[in-house]
Amino acid sequence: MSSFDETEAIYVRELGIDDIAPIYHLGEGLFTSDLYPYLYRTWDEWEVIGLYNTDPEYCLVAETDGELAGFILGTIITKASWTYGYILWLGVSPKYQRRGVADKLVDKVVARMIEDGARFMLVDTDPTNTSALKFFNRKGFGNIRQHIFLSMNLSKHEYYGRLIDYEHQKAERAGYKRSRPAIRARKPDSVANEVVLNPLVNESQTTEDQSPI
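Here the working numbering is used: the first residue of the sequence shown is 2, the next is one more, and so on.
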């Protein structure tokens, strides 16, 4: 299903396989490490591919003038007594922001989730993304709960240091083995004697063969 708004010229449709790469690259430009480090860490092409394969009906794109204007990726979560609609990703090209693209994408996916039995909606975003927070508040999302993310620099971990030392020692041992000259195997004495004696035996045999009968 799709819709076309002649006033705003925003066309909303389901995500197609040819949209995966453009959506991923648009997300790369929106969810940058300096602005939104958590979104940057979790955004990759498999986010788009996975949801396209499992929940295509909740993955929509918005086009205007034949260009990708924005996208929304969602899913349905069913628990024992509740069915949740969950908007995982929403992105609008800077060129088409403040033109109602996000509104149309959210309205469309929410309507589909209601039709499929969802009675509760979830969405999350980076706490510093104030524009997104204002937008979702305006769309009726509230009851904000902050989730704390902790981090650790593994290069300072004790095991990391031991592993690096082990790899260095392993590399040094490998280099030492390559630098040693090859030792040629010594032939057994019996073989050496045969090499020396054979000419004599052959010469004697040759003499006997040439003597007249």
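Ideal Cβ positions, reconstructed from N, Cα and C, are used throughout, including at glycine. This structure is a prediction, so every number in the text was calculated from the model and none was measured.
Straight across, the Cα-Cα distance linking residue 81 with residue 88 is about 20 angstroms. By the criterion of at least three beta-carbon pairs nearer than 8 angstroms, the region 49-63 is in contact with the region 98-106. Among the bridge pairs identified by DSSP, residue 69 is matched with 64. Boundaries of the beta strand (DSSP E) around residue 14: 11-15. In this structure, the straight-line span from the alpha carbon of residue 34 to that of residue 150 is close to 15 angstroms. For the alpha helix (DSSP H) assignment, the uninterrupted runs of no fewer than 4 residues enclosed by the region 18-89 are, from N- to C-terminal side, 21-31, 38-43, 46-55. According to DSSP, residue 92 shares a beta bridge with 72. With a threshold of 16 other beta carbon atoms within 10 Å, residue 70 meets it and is buried. Between residue 171 and residue 162, the alpha-carbon positions lie close to 14 angstroms from each other. As a beta-bridge residue in DSSP terms, residue 122 pairs with 86. Cβ neighbours of residue 102 within its own chain (closer than 7 angstroms, five residues either side excluded): 11, 63, 70, 71, 93. Residue nearest to residue 125 within the set 114, 158, 18, 86 is 86 (criterion: CA-CA distance). In the DSSP annotation of this structure, the continuous segment of the alpha helix (DSSP H) that includes residue 138 starts and ends at 131-139. Setting aside the 5 residues that flank it on each side, residue 83 is surrounded in the same chain by 120, 121, each with a C-beta closer than 7 angstroms to its C-beta; the list follows chain order.
Under the DSSP assignment, residue 115 falls in the alpha helix (DSSP H) whose first and last residues are 102-116. Ranked by Cα distance from residue 147, the first of 128, 156, 20, 138 is 128.
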